[in-house]
Every structure is written in C-alpha cells, then in structure tokens.
Amino acid sequence: MTAVEAPAVDPVRAAELARIGLSWQPSGQAALRGPLLRLAEECDRAFTTLAGIWQAEEERHPASLPARRLQRVGYLRSFPHQATFAARLAPEESNLDAFLDGPVLHQGGDVAVTELAPIAQVLTPAACYHLFNDHLGETFDAPRYLTTRNTCFRHERYYVPLRRLSSFTMREVVCLGSGGEVADFLGHARAALDEFFDLVDLPLEWLTATDPFFRPQANPKYLMQRVQPVKHEATYGGDLAIASINRHHDHFGVNFDLTRGDEPAHSGCVAFGIERWLFAITDRHGTNPAGWPGLADAAAKVRSGLGGGRV
Amino acid sequence: MRSEQKIREDLRSFVLAKAADREGAAITDQTPLFEERYLRSVHLPELLLLLERLSGTPIDVEDLNPADFRDIDSMVLRFCKAGATP
C-alpha cells in the first residue's frame with residue numbers, strides 16, 4: 000500500500016480543539032476530557048434516546064471477538080487491510096526470556112516481538128458484529144431491537160483528528176426481524192435522523208456508499224453493494240460520514256443462524272461515529288460550549304414526536 | 000452482439016439456474032432479481048462476465064448503477080442494446 004500523506008490540519012482549529020479537551024496522537028488515537036468529553040457523552044445519550052423510539056435493549060460487549068465467529072461472514076477475506084488483532088507473546092518461558100534478552104522496543108517504537116501466541120481474537124471492527132455473534136442461533140418471534148456502543152479499530156492510510164481515527168467510538172441501533180420489519184425500521188430511523196439533524200442545525204446530505212472492501216472490484220460483496228446499495232451515509236461538509244443506515248438483508252441471519260419465524264432473520268443498523276459528531280458540531284457551532292445545540296433535548300423531542308415509544 | 004431474443008434467453012437461463020432452489024419461481028423479465036433475492040452477491044461476477052460476453056463490451060465496475068441490474072429488461076436495455084452507453 001502506498002503511503003498517503005495526511006491532509007494538513009488547520010493549526011488554529013487544532014489549538015481550539017486542544018483547548019476544549021482533545022488530546023491527539025498522530026497514530027490516530029484521540030483522548031477526550033473537559034467540554035469535548037461532555038459533548039461526546041451527550042451525543043451518546045442523544046443516540047440512546049433515539050434508540051428508545053424502538054425500546055432498543057442496551058448491551059455491552061468486550062473489546063474483541065473470536066476470529067472464527069467473525070469469519071462466518073468472511074470478514075478476514077473482505078477486510079484484511081482493516082483487521083486489527085489482539086496479539087500476545089507465546090507464553091513459553093524460553094520465548095519470554097528471548098523477548099527480555101532483546102531490546103524489547105525498537106528505536107522507532109515498534110515492539111521487538113519474539114514468537115507470538117496464535118491469534119484468535121480480532122479487535123472490534125464495528126459494534127454490531129458482537130450482537131450477531133452473541134445472539135448466535137437464536138429465533139425471534141417478534142422483531143428485536145438492540146443497541147450497543149464499542150470502541151472500534153480500523154487501519155487507515157492516514158489519520159485526521161476527530162475525522163479519521165485508528166480507534167473510535169461507535170454507537171449502533173440494530174433491528175433483527177423479517178425483511179419488511181427491517182425495512183420499516185430503517186425508513187423510520189432515517190425520518191427520525193432527518194428531524195434530529197434539523198433540530199440540532201447540522202446540514203447533512205444522504206449519500207449512498209460502499210464498505211471499504213480490500214480489492215473491491217474482485218469482491219462479489221462489493222459488486223453487490225454497487226448493484227443494490229445497502230449503505231446510506233449522512234454526510235457533513237461533503238465528505239464526512241457521521242451516521243449511516245445499513246441494510247444487511249439476511250447476510251448476518253444466514254451466517255449466524257438467526258431466524259425470524261421459519262426464515263433467516265434480516266437485519267439493519269443505524270451507526271453513529273461519535274468523534275466525527277464532535278468534529279461536525281464544533282465545525283458548525285464553534286468551540287464555545289455555550290453555542291452547542293441541546294442534543295439530548297432534540298433527541299427527546301424526536302422520540303416523543305414519533306409516539307414516545309415503538310413506531 | 001447476439002440478437003436481443005437470444006440475449007434474453009441466455010439471461011433467463013442464467014437466472015433460472017441460480018434460482019433453482021426457489022420452488023415454483025415465476026420469473027419474468029420484469030422481476031426484480033436482486034431485490035427478491037433470486038440472485039445474490041455470489042452470482043454477480045459470473046453475471047458480469049455473461050453480460051460482457053453477450054454484449055461484446057467490457058464492463059467497468061465503477062460505472063455500475065443499481066437500476067442497471069433491477070431485472071432482465073433493465074440489463075438488456077443497459078448492456079445489450081446496440082448504441083447503448085457503455
């Protein structure tokens with residue numbers, strides 16, 4: 000993969016973001032504190048309030064999931080360039096001694112690994128994979144709505160503060176049901192989001208998108224996404240997707256043995272990239288917290304407007 | 000390029016072969032093939048090769064539009080009509 004230079008970051012904006020609580024590592028990690036952390040938490044509260052439209056059940060999952068389970072949907076072949084592994088040294092004492100006899104760290108900061116233990120866990124690539132994995136083999140007699148938040152890991156060619164991170168926070172709301180139930184959920188979700196964007200004064204454009212497959216032109220799943228768009232992104236400023244609506248058809252239902260009635264369950268999800276919301280809000284409304292919109296109130300208003308409960 | 004009738008026959012045969020597990024499937028040239036899951040992602044590379052062979056023109060994946068594959072009518076119109084945009 001050729002190295003691509005990251006776009007220049009506006010130093011004034013970077014200083015402003017640092018002042019309100021962004022601590023940025025050029026390797027793609029963001030730490031938050033102060034006003035920016037409070038804004039991130041408010042974003043997430045707003046999204047869980049929106050999830051309440053469907054009375055979605057909250058779940059919490061670990062940082063990684065078994066590669067064997069993820070491979071049920073061919074993840075490692077579709078996204079080898081994105082996969083991030085949980086690795087450790089092989090536990091034999093001789094191997095650990097060899098590690099300790101070495102430099103431990105190379106000068107550039109890479110760990111001077113000796114033999115690695117077999118790698119069987121993949122760090123979360125998207126929060127919803129855990130839901131399908133954790134409900135493996137279940138049958139639903141009614142549509143099931145779930146929500147979860149996780150730190151997700153991606154490898155990118157370059158990183159940009161609050162826009163493109165190697166680890167970031169994703170909140171998702173997922174519907175498991177029949178094809179019609181999932182289509183209804185996604186339709187309502189899009190209407191709810193449009194209203195929410197309006198209330199918090201964020202101008203967003205819905206664009207069709209594809210997942211970032213490796214060698215996409217040779218991957219039938221990518222071709223399928225070209226032929227039948229399943230991903231629509233709410234895009235800020237022309238190029239920053241801060242939320243997406245995804246229709247999986249029965250892809251996860253078939254591969255994780257999830258059934259709705261006698262048929263493989265369909266699924267769909269709404270995903271929010273929380274750090275990107277911080278970028279969009281501070282870009283649109285400035286870095287003074289007094290100017291930020293009331294996200295939780297707006298979400299509550301959308302929820303009550305849609306009947307205060309399940310639509 | 001083959002005749003339109005021959006192209007339609009080849010496309011129908013392809014779809015019927017792939018949808019063989021759909022009992023009593025009544026597929027017409029207007030049936031939405033992917034929407035109704037007669038065809039799935041695994042069939043796409045082969046379908047593209049078939050369309051390239053039938054039209055005698057290479058297909059650039061980046062030029063694909065969802066409407067092009069909706070049904071057999073759409074595929075014939077998009078890829079196999081003389082003078083159709085490549």
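Protein chains in written order, with numbering that gives the first Met the number 0: chain A, 0 to 310; chain B, 0 to 85.
Even glycine gets a Cβ: it sits at the ideal position worked out from N, Cα and C.
Check: Just to confirm, are A/I244 and A/A39 a CB contact at a threshold of 8 Å?
Finding: Translated into positions along the first sequence, residue 244 of chain A becomes position 245. Translated into positions along the first sequence, residue 39 of chain A becomes position 40. Their beta carbons are not under 8 Å apart, which means A/I244 does not touch A/A39 by this criterion.
Checklist line | Secondary structure of A/N149, DSSP reduced to three states | finding: Here residue 149 of chain A refers to the residue found at position 150 of the first sequence. Reduced to three states, the DSSP call for A/N149 is strand.
Checklist line | The alpha helix (DSSP H) enclosing A/Y221, as first and last residue numbers | finding: If you number the first sequence from 1, residue 221 of chain A lands on position 222. Unbroken alpha helix (DSSP H) run through A/Y221: 219-226.
Check: Considering only C-alpha positions, which residue in the set B/R1, B/S2, B/E35 is nearest to B/K17?
Finding: Working through the second sequence from its first residue, we reach residue 17 of chain B at position 18. Answer by Cα proximity: B/E35.
Check: At a CB-CB cut-off below 9 Å, which residues of chain A make contact with B/S73?
Finding: As a working mapping, residue 73 of chain B is identified with position 74 in the second sequence. Going along chain A, no residue has its Cβ under 9 Å from B/S73, so there is no contact; the nearest lies around 11 Å.
Next item on the list: For A/K230, decide whether its Cβ has a neighbour in chain B, counting only Cβ atoms nearer than 8 Å.
Entry: As a first step, residue 230 of chain A is located in the first sequence; it is residue number 231 there, counting from the start. A/K230 does not count as touching chain B.
Next item on the list: Would you be able to state if there are at least three C-beta pairs under 8 Å between the region 278-287 of chain A and the region 6-18 of chain A?
Entry: yes
Next item on the list: State the start and end residues of the unbroken alpha helix (DSSP H) segment that holds A/Y157.
Entry: Taking the first sequence and counting its residues from 1, one reaches residue 157 of chain A at position 158. Careful: A/Y157 lies outside any alpha helix (DSSP H) and carries neither H nor E.
Margin query: Please classify B/S54 as buried or exposed, where buried requires at least 16 other C-beta atoms within 10 Å of its C-beta.
Written below: Residue 54 of chain B sits at position 55 when you count from the first residue of the second sequence. Classification of B/S54: buried, given that the 10 Å Cβ count is 16 or more.
Notebook entry, point to check: Does A/L75 get closer than 8 Å to chain B when you measure Cβ to Cβ?
Noted result: To locate residue 75 of chain A, count along the first sequence from 1; it is residue 76. It does not: the Cβ of A/L75 has no partner Cβ on chain B nearer than 8 Å.
Check: Alpha carbon to alpha carbon, how far is A/G176 from A/A264?
Finding: The residue you call residue 176 of chain A lines up with position 177 of the first sequence. The residue you call residue 264 of chain A lines up with position 265 of the first sequence. Taking the straight line from one Cα to the other gives about 5 Å.
Next item on the list: Kindly indicate the opening and closing residues of the alpha helix (DSSP H) around A/S93.
Entry: On the first sequence, residue 93 of chain A is found 94 positions in, with the first residue counted as 1. Segment 92-100, the alpha helix (DSSP H) holding A/S93.
Notebook entry, point to check: Any idea if A/G186 is buried or exposed, counting beta-carbon neighbours within 10 angstroms, 16 or more meaning buried?
Noted result: One-based indexing of the first sequence puts residue 186 of chain A at position 187. The residue is exposed, with fewer than 16 neighbouring Cβ atoms inside 10 Å.
Notebook entry, point to check: Taking the beta strand (DSSP E) that A/A141 falls in, what are its first and last residues?
Noted result: Position 142 of the first sequence, counting from 1, holds the residue named residue 141 of chain A. Taken as a continuous stretch (DSSP letters only), A/A141 belongs to no beta strand (DSSP E), as it is neither H nor E.
Item checked: With 16 other Cβ atoms within 10 Å as the buried cut-off, status of A/A233 -> For the purposes of this step, residue 233 of chain A is taken as residue 234 along the first sequence, with counting starting at 1. Buried is the call here.
Check: Does DSSP put A/H248 in a helix, in a strand, or in coil?
Finding: Within the first sequence, residue 248 of chain A is the residue found at index 249, counting from 1. In this structure, A/H248 counts as strand in the three-state DSSP scheme.
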